[in-house]
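Enquirer: One gets my numbering by counting positions in the sequence shown from 1 and adding 28 to each. Shown below is the structure under consideration.
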Amino acid sequence: MPGKSSLLTLIKTISCALAAGHLPSLSEADQVFLEENPAFIADVVEGLLAELTKPGQPERLSAYAWLLSALLEELRYQIEAGYDEAVQHVAAVQTRLAEAIRTGTGTPLMWHEILSTFRHARVPLAPAVRAAFLGVGDADAPVLSPQMQEKATALLRPVLKAILESGINDPFALVDQIDEILGDLYPPLIRVLLLVQMVEESQPVLRDAAVLMLLDQAPAVREAAVTQVRAMCATGLLTLESARRLPVITRWLPPGEQTTDAVADLVRTGINRRLVVWPKPLPRLKFHATISDGAGAMSLYLMGGGDDKALFGGLLFKEQQGLVEVWCGYPTPRQQAEEFIRVARQEVSAFAVGPACVADLVAHGLAVASAPLAGGAALLQLAELIGHKDWTPRRLDIAAVTADLPADLLHPEAITAALERSRDWPDVHAFADSWFETGAVLDQVLENVDPHRQMTLEEMETMEAAVLAQVMTVRRRVWAERFALSALMVRAAISPPRSLPPWPDFMILAKVLDEGRPLHDIPLMQTIASQSILTAASGGSS
């Protein structure tokens with residue numbers, strides 16, 4: 029892509045895909061261009077704003093919103109890698125959008141679509157943007173102003189009416205719809221108002237959805253939900269299904285909230301109704317997993333159920349962030365679910381695993397993730413569909429997993445042999461070809477490297493030592509976690525693909541890192557340092 033001149037061509041391609049009902053995708057050349065030119069997001073925003081004045085072309089606006097989401101996701105990766113420039117690009121975009129909103133350009137519905145891209149890309153919206161969208165001075169005021177109260181009433185009445193008339197009888201679908209409508213655009217107090225209205229309605233499904241709001245990410249909403257659910261318990265309005273869910277939900281709350289008297293009452297309510305049996309798992313359950321990639325992301329895909337009413341769900345784990353995303357597609361035609369799995373096997377090398385790894389992965393993901401979990405209601409729905417009710421936050425204990433290894437693999441000679449076997453993984457295994465360090469710290473270490481001159485062996489060794497000491501030592505626990513979680517996946521593999529090394533080799537890597545072995549004594553770490561230098565020198569780290 030040469031730059032601005034190709035933006036309209038790209039938008040046309042995305043528009044056509046959306047109009048045909050297909051998920052758009054970027055060519056490899058476009059993807060590389062966007063990764064290397066994050067400032068291009070400013071051109072996309074200006075094109076998007078120009079589109080707001082052109083009636084009758086909603087598919088083009090959706091195309092711009094899709095591309096904006098893709099760019100925001102790329103900038104999020106760069107922010108996580110420590111690039112201040114990416115932070116500045118996101119801030120500039122949000123400032124520009126806030127200005128445009130306040131000029132009155134576009135309709136609220138258009139802006140809802142545009143600003144929802146930030147939530148989909150997991151980039152927080154700036155308070156100034158939310159305030160501009162709401163037409164208030166402070167979007168996070170501790171109390172709702174009369175103006176905001178009026179706006180809220182005007183918003184929530186049709187929202188609740190639409191929900192009641194939709195015929196949806198699934199509380200999980202209702203919560204998902206509420207999240208899509210309100211997202212993080214509206215202050216938590218708006219959700220509190222909706223929560224109270226839901227409880228006051230006579231439909232049990234609305235009360236069941238209110239119970240799921242115990243897992244809301246906003247403390248004010250959780251606090252209000254505890255009060256409302258406690259009142260439902262006292263008045264006998266709590267359904268048996270919601271009572272069954274309470275002990276699980278409360279285990280996922282932040283530790284400080286689990287010990288309150290109000291939450292203790294909810295747990296007792298759930299325990300006292302143990303006659304309500306946890307749902308049986310769907311038939312024909314299958315699980316597929318990926319090994320952690322260069323960005324520290326790994327996935328678990330779930331499929332089960334009949335031909336017309338199947339499940340396709342997924343869990344996304346990120347290094348040092350735990351469980352960051354959960355999705356639950358139910359019901360989904362099984363043929364469609366199988367196609368999703370086929371694509372995952374083909375494009376991200378997903379492989380079949382047994383259910384043994386699921387509990388440990390989820391427990392670790394919950395323990396590391398910010399509590400309460402984003403997508404907590406979707407995780408609870410998955411737990412019901414696959415028959416799990418005991419998921420409890422618990423960090424993976426590398427020493428405990430290592431204890432499962434045969435004793436002969438823990439002899440010093442065996443450990444040395446295992447470490448040596450892993451030396452060339454990035455060269456011979458597709459899952460490890462993106463295992464290299466990137467980011468601002470690495471760039472600083474390599475700032476004097478001339479990409480146009482081949483380094484001598486001595487210079488390369490000096491650079492490797494610097495990367496090991498200044499970059500990878502700080503991330504020792506990150507790599508230990510990556511190897512340990514990958515070990516769980518590979519151990520659970522059904523007929524492990526030949527492309528995967530044996531799981532004990534992953535676990536031994538995690539063990540020696542956890543125990544503090546010097547990085548220069550771990551061959552794979554040396555290889556990763558070398559890969560990091562070569563990739564950065566070729567322009568691949570930015």
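Glycine included, C-beta positions come from ideal geometry on N, C-alpha and C.
With a CB to CB cut of under 7 angstroms and the five nearest residues on each side skipped, what residues in its chain are close to Ser377?
Expert: So the list reads Thr318, Ala458 and Phe459, once near-sequence residues are dropped.
Enquirer: If you follow the alpha helix (DSSP H) that Gly75 is in, where does it begin and where does it stop?
Expert: From DSSP, the alpha helix (DSSP H) with Gly75 extends over Ile69 to Glu79.
Enquirer: Given a cut-off of 8 angstroms, decide if Ala557 and Ala508 are closer than it, judged by their beta-carbon atoms.
Expert: Contact: no.
Enquirer: Between which two residues does the beta strand (DSSP E) harbouring Val360 extend?
Expert: It should be pointed out that residue 360 corresponds to Thr in this sequence rather than to Val. Element bounds for Thr360: Gly350 to Thr360.
Enquirer: For Ala120, collect the residues of the same chain with a Cβ closer than 8 angstroms to its Cβ; drop the 5 residues on either side in sequence, then sort them by chain order.
Expert: Excluding sequence neighbours, Ala120 sits near Ala70.
Enquirer: Kindly give me the distance between the Cβ atoms of Leu153 and Leu95, rounded to whole angstroms, as I take these residues to be in contact under 8 angstroms.
Expert: With 8 angstroms as the limit, Leu153 and Leu95 do not qualify as a contact, their Cβ atoms being about 18 angstroms apart.
Enquirer: Distance check for Leu210 and His148, CA to CA, integer angstroms please.
Expert: Going from the Cα of His148 to the Cα of Leu210 covers about 13 angstroms.
Enquirer: Taking Val502 as the reference, give the member of Ile142, Gln348, Leu330 and Thr267 with the closest Cα.
Expert: For the residues Ile142, Gln348, Leu330 and Thr267, the minimum Cα distance to Val502 belongs to Gln348.
Enquirer: Could you check if Ala134 is buried or exposed, using at least 16 other CB atoms within 10 Å of its CB as the buried criterion?
Expert: The amino acid occupying residue 134 in the given sequence is Gly; Ala does not appear at that position. The residue in question, Gly134, is buried, as its Cβ has 16 or more Cβ neighbours within 10 Å.
Enquirer: Label Ala431 either buried or exposed according to how many other C-beta atoms from any shown protein chain fall within 10 Å of its C-beta, with 16 as the threshold for buried.
Expert: Label assigned to Ala431: exposed.
Enquirer: Only counting runs of 3 or more residues, tell me where the beta strand (DSSP E) segments fall wholly within the region 242–324, in order along the chain.
Expert: Correct list: 314–317.
Enquirer: Mapping the DSSP letters down to three states, classify Asp455 as helix, strand or coil.
Expert: Looking at Asp455 - three-state DSSP - the assignment turns out to be helix.
Enquirer: Quick one: is Ser569 buried, meaning 16 or more other Cβ sit within 10 Å of its Cβ, or exposed?
Expert: Any answer about Ser569 is weak, because its pLDDT of 46 lies below 50 and its placement is not dependable; what the coordinates show is given next. It is buried - the Cβ of Ser569 has at least 16 other Cβ atoms within 10 Å.
Enquirer: Which residue wins for smallest C-alpha separation from Ile561, given the options Val473, Asp542, Phe534 and Met517?
Expert: Minimum Cα distance to Ile561 is reached at Val473.
Enquirer: Quick check on the DSSP output: the beta strand (DSSP E) that includes Phe534 runs from which residue to which?
Expert: Note, Phe534: premise wrong, no beta strand (DSSP E); alpha helix (DSSP H) at Trp531 to Asp542.
Enquirer: Return the first residue and the last residue of the beta strand (DSSP E) that Gly342 is part of.
Expert: Per DSSP, Gly342 belongs to the beta strand (DSSP E) from Ala338 to Lys346.
Enquirer: Considering just the uninterrupted stretch of the beta strand (DSSP E) at Phe379, what are its terminal residues?
Expert: Phe379 to Val381 is the extent of the beta strand (DSSP E) around Phe379.
Enquirer: Less than 6 angstroms between C-beta atoms, sequence neighbours within five positions excluded: which residues of the same chain meet that for Pro30?
Expert: With a pLDDT of 48 at Pro30, under the threshold of 50, the predicted position of this residue should be treated as unreliable, and no value is reported.
Enquirer: Would you call Pro532 buried or exposed, if buried means 16 or more other Cβ atoms sit within 10 Å of its Cβ?
Expert: Pro532 should be labelled buried.
Enquirer: Can you check DSSP and say which residues form a bridge with Ser327?
Expert: Paired residue(s): Leu344.
Enquirer: Helix, strand or coil for Ala521? Go by DSSP, reduced to three states.
Expert: The answer is strand: DSSP assigns Ala521 an E or B state.
Enquirer: Can you tell me whether DSSP reads Gly110 as helix, strand or coil?
Expert: Of the three classes helix, strand and coil, the one that applies to Gly110 here is coil, per DSSP.
Enquirer: Mind checking which residues open and close the alpha helix (DSSP H) that includes Gly404?
Expert: Counting along the chain, the alpha helix (DSSP H) containing Gly404 begins and ends at Gly404 to Leu413.
Enquirer: Please classify Leu485: is it buried, with 16 or more other beta-carbons within 10 angstroms of its beta-carbon, or exposed?
Expert: By the neighbour-count rule (16 or more Cβ atoms within 10 Å), Leu485 is not buried but exposed.
Enquirer: Once you ignore the five residues that flank Leu221 on each side, which residues in its own chain have a CB closer than 7 angstroms to its CB?
Expert: These residues qualify, in order along the chain: Ala180 and Leu184.
Enquirer: What residue range is occupied by the uninterrupted alpha helix (DSSP H) comprising Asp166?
Expert: From DSSP, Asp166 is part of no alpha helix (DSSP H); its letter is neither H nor E.
Enquirer: Check whether the region 394–410 and the region 279–287 are in contact - that is, three or more C-beta pairs closer than 8 angstroms.
Expert: Yes, the region 394–410 is in contact with the region 279–287.
Enquirer: In three-state terms, what does DSSP make of Gly393?
Expert: Three-state DSSP puts Gly393 in a helix.
Enquirer: On the DSSP letters alone, give me the boundaries of the alpha helix (DSSP H) that Glu229 sits inside.
Expert: Unbroken run through Glu229: none, as it is neither H nor E.
Enquirer: Our contact map puts Ile414 next to Gly357 with C-beta atoms below 8 angstroms; I'd like the distance itself, whole angstroms only.
Expert: The pair is not a contact, with the Cβ atoms about 13 angstroms apart (cut-off 8 angstroms).
Enquirer: Between Asp321 and the rest of its own chain, which residues show a CB-CB distance below 7 angstroms, the 5 nearest in sequence each way excluded?
Expert: Result list for Asp321: Ser462, in chain order.
Enquirer: How many angstroms separate the CA atom of Leu394 from the CA atom of Arg504?
Expert: Straight-line Cα distance between these residues: approximately 21 angstroms.
Enquirer: Spell out a yes or no on whether the region 489–499 and the region 416–424 are touching, meaning 3 or more CB-CB pairs, one atom from each, closer than 8 angstroms.
Expert: Counting Cβ pairs under 8 angstroms, fewer than three are found: no touch.
Enquirer: Given this structure, state the Cα-to-Cα distance separating Pro52 from Glu375, to the nearest angstrom.
Expert: Computed Cα separation, rounded: 15 angstroms.
Enquirer: Threshold first: 4 residues or longer. Then list the alpha helix (DSSP H) segments lying entirely within the region 130–214, N to C.
Expert: Runs of the alpha helix (DSSP H) inside the region 130–214: 136–148, 155–162, 174–193 and 199–210.
Enquirer: Less than 8 angstroms separating the beta-carbons of Val469 and Val499?
Expert: Contact flag set, yes.
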